[in-house]
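First residue of the sequence shown: 667, per my numbering; consecutive thereafter.
Note sheet for the following structure.
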Amino acid sequence: MSMLAHALVNFDRTVPLLKGEFDEAVFTRLRCWKEKIELRLSPLFSDGRVHVVTAYVVQHCNTLGPAKGGIRMAPNVTLDDVSALAMEMSWKCALIGVPFGGGKSGIVADPTKLSAQDKEILIRSFARNAHRHIHPLVYVPAPDMGTNEKDMGHMKDAISYSQGLATTQGCYITGKPVILGGLPGRREATGRGVAVATCEALKLLGKKVKGATAIVQGYGNVGGVAARELARLGMKIVGVSDMYGATINAKGLNLVKLDGHVQKTGSVKGFDGGKDIDGSALLEAPCDVLVPAATANQITGKNAARIQAKIIAEGANGPTTPEADEILARRNVFVIPDILCNAGGVYASYLEYTQETQQEQMTEEEVRSRLENRMKEKFQLVMKTATDGKLRPRDASMYLAVRNVCMAMVARGFLP
Ligand code: NAD
């Protein structure tokens, strides 16, 4: 299922829960997008040639505030994917309680095939061309798959330079290097939030955190941090994977040694503290918690019946298809939905935004503690809503999120 179809299925499942509370026109509006921009960049790369690169900037909704959402750089990213991700950002921001709308950008290029110099040229070209759509009160990008802190530093530099200023006034970009006004702990926030949600879920199911086992698919930013954080809290990480392979050890992987191996070889594959296993088999291996933190559509109608985990903590966006959701619900597998589970990143982005707007400075400890409190608060709210309404956590999350956006639309008075 495409990401767009998936996003629309999630929305369409939610509308009946809100019927009667809001005018139909509110739902009609939220089922479509405020703005979809297609850009043609023409960076001059170090091979001396001008390359033509397509990019997208999408705003789903800005009712709650400026659109927020990362820049995805991938060779196969489409306007539909970016639109789906922008819609999901509307719900994520509304659920975690930050005054942002939903946005997303895409750059159709393969970052693994670009030299550092060409990637900087491309990012600066995107910043120049997308500048009129980026503003603290319009759309505030951040890193997503294929982009990182360093790229956000170049974005900020390109924008401030074009304004003839030493810095930007207000926050144009989040996920910047700390030295350029980034937030200490922003990079770790998504993974840490996943860990907080996982511990809450274990407690809810009456299981001890200490000694519980976890498998993490995608040992990147989100998955790597989540794994290390869960291990710090006493859990045993029994398997991890990346796009090249997977490693498993029922006694628990030594993550310090694994990190050394990844640094040396670029992959978790071939780690001598574990046994190599096929990435898809890893998803079905025994564990208490499965953290899909790689990409979309990983738990599907084909493998959902064989997943042995009792909890699935969605670090990635859209890792579980609607068909798999049905199977997992029948099997009483507890799914922490992506818009709750991985919302720690956008929550920390909001802290970065307020820090820069107010010309304040926050410590990593403050960020960590505010993140933990917010994740726990929203987890409890979702679970209470789920219990009261006899809903799955995903439906309860969507209900709360879409309802917040609808209420904001009515409060603004956009409708007669
Ligand atoms: P990343 O590029 O740092 O890491 C992704 C990891 O997944 C890499 O290790 C890659 O090798 C691995 N991978 C890719 N395909 C795989 C596959 N088929 N099987 C196993 N491993 C695979 O990206 P990230 O920032 O950690 O993002 C991961 C997911 O989390 C994405 O879906 C992203 O949209 C979502 N997300 C990220 C953030 C954030 O703050 N970074 C916030 C919210 C959601």
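By construction, the Cβ of each residue, glycine as well, lies at the ideal position given by its N, Cα and C atoms.
- Taking the Cβ of Ser1063 as the reference point, every heavy atom of the ligand NAD lies at 7 Å or farther away.
- With at least 16 other beta carbons inside 10 angstroms of its own, Pro809 counts as buried.
- Annotation: Thr1023 to His799 spans about 19 Å, alpha carbon to alpha carbon.
- The beta carbon of Gly884 is closer than 6 Å to those of Ala959, Ala960 in its chain, skipping five residues each way along the sequence.
- In this structure, the alpha-carbon of Thr680 lies about 7 Å from that of Asp1061.
- Going by C-alpha positions, Pro741 is about 42 Å away from Lys874.
- The C-beta of Arg790 has 16 or more other C-beta atoms within 10 Å across all chains shown, which makes the residue buried.
- Under the 8 Å Cβ criterion, the segment 860-871 does not count as touching the segment 1012-1030, having fewer than three qualifying pairs.
- If you look at Met1028, you'll find it isn't in any alpha helix (DSSP H); DSSP assigns it neither H nor E.
- In the three-state scheme derived from DSSP, where H, G and I count as helix and E and B as strand, Ala793 is classed as helix.
- Here Arg738 carries a strand assignment [DSSP, helix/strand/coil].
- Shown here, Phe693 sits in a helix according to DSSP, grouped into three states.
- Under the DSSP assignment, Ile914 falls in the beta strand (DSSP E) whose first and last residues are 911-914.
- Under the DSSP assignment, Val723 falls in the beta strand (DSSP E) whose first and last residues are 719-727.
- Look at Ser749 here: in three-state DSSP terms it is helix.
- Every alpha helix (DSSP H) stretch that sits fully inside the segment 876-919 and reaches 4 residues is listed by chain position as 887-898.
- Per DSSP, the beta bridge partners of Arg706 are Thr720.
- For Ser771, the enclosing beta strand (DSSP E) covers residues 767-774.
- Collapsing the DSSP output to three states places Ile978 in a strand.
- Scanning its chain for C-beta atoms nearer than 8 Å, with the 5 sequence neighbours on each side dropped, one finds around Cys953 the residues Thr879, Ala880, Ile881, Val904, Gly905, Gln974, Ala975, in chain order.
- Asp747 is positioned such that its CB atom lies no closer than 8 Å to that of Gly769.
- Not one heavy atom of the ligand NAD falls within 7 Å of the beta-carbon of Asn676.
- Lys734 counts as buried, since at least 16 other C-beta atoms from the protein chains shown sit within 10 angstroms of its C-beta.
- Annotation for Lys941: the continuous beta strand (DSSP E) segment containing it runs 941-943.
- Placement of the Cβ of Tyr805 at a distance of 7 Å or more from every heavy atom of the ligand NAD is found.
- A direct Cα-Cα distance of roughly 55 Å separates Phe937 from Val1076.
- For Ala947, the closest of Thr834, Gly911, Gly932, Leu919 by C-alpha to C-alpha distance is Gly911.
- Relative to the non-hydrogen atoms of the ligand NAD, the Cβ of Gly945 comes within a distance shorter than 7 Å of at least one.
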